[in-house]
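Number of protein chains: 2
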Amino acid sequence: MSERTNRRQQIINAASELFMTQGYTATSVRQIADAVGCTEAALYYHFKEGKRTLFNTVVEANLPNFMLPLQRCRDARSLSEIITCLESANREHRSDNQQRMRWLLAEFPTLGAEEQALIREKFQIFHRELAAMIRAVCDQAASAADDLAWLIICLMHGYQQLLSPLDLVSDGEETMFVRLARFVEILA
Amino acid sequence: MSERTNRRQQIINAASELFMTQGYTATSVRQIADAVGCTEAALYYHFKEGKRTLFNTVVEANLPNFMLPLQRCRDARSLSEIITCLESANREHRSDNQQRMRWLLAEFPTLGAEEQALIREKFQIFHRELAAMIRAVCDQAASAADDLAWLIICLMHGYQQLLSPLDLVSDGEETMFVRLARFVEILA
DNA sequence: GTCTATACAAAGATAGAC
DNA sequence: GTCTATCTTTGTATAGAC
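Residue numbers (my numbering), protein chains in the order written: chain G, 262 to 449; chain Z, 262 to 449.
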């Protein structure tokens, strides 16, 4: 993959960056072409159906890999271990995933039905895996594990998309997650 | 306040609707003028500094009234009562607040420093009030109440902005909140 | 594949008449 | 206050040369 082997890929990368930071409508085809270092005409050669097609490609290329943090927790042996593990996995890709998710949810209403379904499915799979993992480490009823998994997902999302970007938690380290781990420890 | 007493207000209302559903860049001044039933020139008379100024006005007019759900919980006497109360208050203004919050967070990065600070402050006040309320009903250490308050805020946000709009929770009623109430009941 | 050149619509914004 | 008319810039998109 030399410097400019694949123009198409360069375009997708530049578009990803711009769409994510500025949003779809705020980003012009000119801007993308400039960022790549080519002309608009060249861009239209690679994406014959124009801006919207390029956007769809970018969406699929940027579906956050939800499973990544879960794989790290494979050998957790308690609920609190799962949580602290999720939190640390989360912290490492923080700015990346945070931006991707924010963008994804912001554009979600404008997406086509297939893309919306794709995203929904990703979350459902994540939830299913997490619930299974919870059942494995502490003997919960299936429905309780399901709820607990959604609870954790909501919590992480709220933290990642609300507290963290708005800089609402001042006490430096993510003590909140540590405390959650302690909470659920009691419950388990 | 007759039909067209206040053009300025009409403009703000129309702009609110359009900005929220389409976003800032996707909404044109023309579109707003059309919705109001006047010309662009008239609009520029009321907002001399143009689209961005109108937008700022709209942002301030649409800062969700965060305190509303809290006021409903004044006479809650336990942690679980607070939570179920918040949840029901939340459910009533659901679609409204959901859209407002989604929009606010999507546009947040583009806002000026003062507006960002304003939003941040609203959340901090909400948190402070909720934490105080928690301390009032169950004898928690101040720091534990603080964390618990953030936890509940994150959870509600995750539910409102992730699970609910993506239609990820299938079991009809908001059992998740009921279960959370039970969880925290044990903790208290 | 990439460029130059250009078409054409829509954007934000303003001057000046009423 | 509101309109008509107009300006300038920016947007998406394409034709045709290299």
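By construction, the Cβ of each residue, glycine as well, lies at the ideal position given by its N, Cα and C atoms.
message = Counting C-beta neighbours from all protein chains within 10 Å, is the total for residue 357 (chain G) 16 or more, i.e. buried, or is it exposed?
response = Residue mapping note: residue 357 (chain G) aligns to position 96 of the first sequence, counting from 1. Exposed is the call here.
ask   = Which runs of the beta strand (DSSP E) fall wholly inside the segment 374-404 of chain G and span at least 3 residues, in chain order?
value = Runs found: none.
query = Which same chain residues, not among the five before or five after residue 392 (chain Z), have their C-beta less than 7 Å away from its C-beta?
reply = Working through the second sequence from its first residue, we reach residue 392 (chain Z) at position 131. Contacts found: 406, 407, 410.
request  = To the nearest angstrom, report how far apart residue 430 (chain Z) and residue 283 (chain G) are at their CA atoms.
outcome  = For this step, residue 430 (chain Z) is matched to residue 169 along the second sequence. For this step, residue 283 (chain G) is matched to residue 22 along the first sequence. Distance between the alpha carbons of residue 430 (chain Z) and residue 283 (chain G): 30 Å.
message = Just to confirm, is the Cβ distance from residue 290 (chain G) to residue 304 (chain G) under 9 Å?
response = Looking up residue 290 (chain G) in the first sequence gives position 29. Looking up residue 304 (chain G) in the first sequence gives position 43. Yes, Cβ-Cβ distance for residue 290 (chain G) and residue 304 (chain G) is below 9 Å.
ask   = Exposed or buried, residue 419 (chain Z), counting other C-beta atoms within 10 Å across all chains shown (16 or more means buried)?
value = Working through the second sequence from its first residue, we reach residue 419 (chain Z) at position 158. Residue 419 (chain Z) counts as buried, since at least 16 other C-beta atoms from the protein chains shown sit within 10 angstroms of its C-beta.
request  = Please confirm if the segment 346-363 of chain Z is in contact with the segment 319-334 of chain Z, defined as three or more CB-CB distances below 8 Å between the two stretches.
outcome  = Yes, the segment 346-363 of chain Z touches the segment 319-334 of chain Z.
Between the CA atoms of residue 298 (chain Z) and residue 341 (chain G) - distance to the nearest angstrom = Looking up residue 341 (chain G) in the first sequence gives position 80. Looking up residue 298 (chain Z) in the second sequence gives position 37. So the alpha carbons of these two residues sit roughly 58 Å apart.
Alpha-carbon spacing of residue 276 (chain G) relative to residue 312 (chain G), whole angstroms = Against the first sequence, residue 276 (chain G) aligns to sequence position 15. Against the first sequence, residue 312 (chain G) aligns to sequence position 51. In this structure, the CA atom of residue 276 (chain G) is about 10 Å from the CA atom of residue 312 (chain G).
query = Would a C-beta distance cut-off of 9 Å place residue 376 (chain G) and residue 321 (chain G) closer than the cut-off?
reply = What you label residue 376 (chain G) is simply residue 115 of the first sequence in a count that begins at 1. What you label residue 321 (chain G) is simply residue 60 of the first sequence in a count that begins at 1. Against a cut-off of 9 Å, the Cβ pair of residue 321 (chain G) and residue 376 (chain G) comes out as a contact.
message = Considering Cα atoms alone, identify which of Z:280, Z:274, Z:270 is closest to residue 364 (chain Z).
response = Position 103 of the second sequence, counted from the start, is the residue given in the question as residue 364 (chain Z). Closest option to residue 364 (chain Z), Cα to Cα, is Z:280.
task = Pull out every residue of the segment 327-355 of chain Z whose Cβ sits closer than 7 Å to any Cβ of chain G, in chain order.
result = Flagged: no residues at all.
Outcome for residue 386 (chain Z) when other beta-carbon atoms lying within 10 angstroms are tallied against a minimum of 16 = Counting from 1 along the second sequence, the entry for residue 386 (chain Z) is found at position 125. It is exposed - the Cβ of residue 386 (chain Z) has fewer than 16 other Cβ atoms within 10 Å.
key: Chain-ordered chain G contacts of residue 286 (chain Z) [CB-CB under 7 Å]   = Working through the second sequence from its first residue, we reach residue 286 (chain Z) at position 25. Under the 7 Å cutoff, chain G gives 284, 286, 287.
ask   = So, does the CB of residue 325 (chain G) fall closer than 9 Å to a CB anywhere in chain Z?
value = As a first step, residue 325 (chain G) must be located in the first sequence, where it is residue number 64. No, residue 325 (chain G) does not count as interfacial toward chain Z.
task = Report the three-state DSSP secondary structure of residue 423 (chain G) (helix, strand or coil).
result = Along the first sequence, read from residue 1 onward, the residue named residue 423 (chain G) stands at position 162. Here residue 423 (chain G) sits in helix by DSSP.
query = Roughly how many whole angstroms lie between the Cα atoms of residue 414 (chain G) and residue 423 (chain Z)?
reply = The sequence position of residue 414 (chain G) within the first sequence is 153, counting from 1. The sequence position of residue 423 (chain Z) within the second sequence is 162, counting from 1. Distance between the alpha carbons of residue 414 (chain G) and residue 423 (chain Z) is about 9 Å.
request  = Label residue 442 (chain Z) either buried or exposed according to how many other C-beta atoms from any shown protein chain fall within 10 Å of its C-beta, with 16 as the threshold for buried.
outcome  = As a working note, residue 442 (chain Z) is residue 181 in the second sequence. Label assigned to residue 442 (chain Z): buried.
request  = Measure the C-alpha to C-alpha separation of residue 337 (chain Z) and residue 301 (chain Z) and round it to an integer number of angstroms.
outcome  = The residue labelled residue 337 (chain Z) in the question sits at position 76 within the second sequence. The residue labelled residue 301 (chain Z) in the question sits at position 40 within the second sequence. If I take the Cα positions, the gap works out to 50 Å.
key: residue 325 (chain G), enclosing alpha helix (DSSP H) - first and last residue   = To locate residue 325 (chain G), count along the first sequence from 1; it is residue 64. Unbroken run through residue 325 (chain G): none, as it is neither H nor E.
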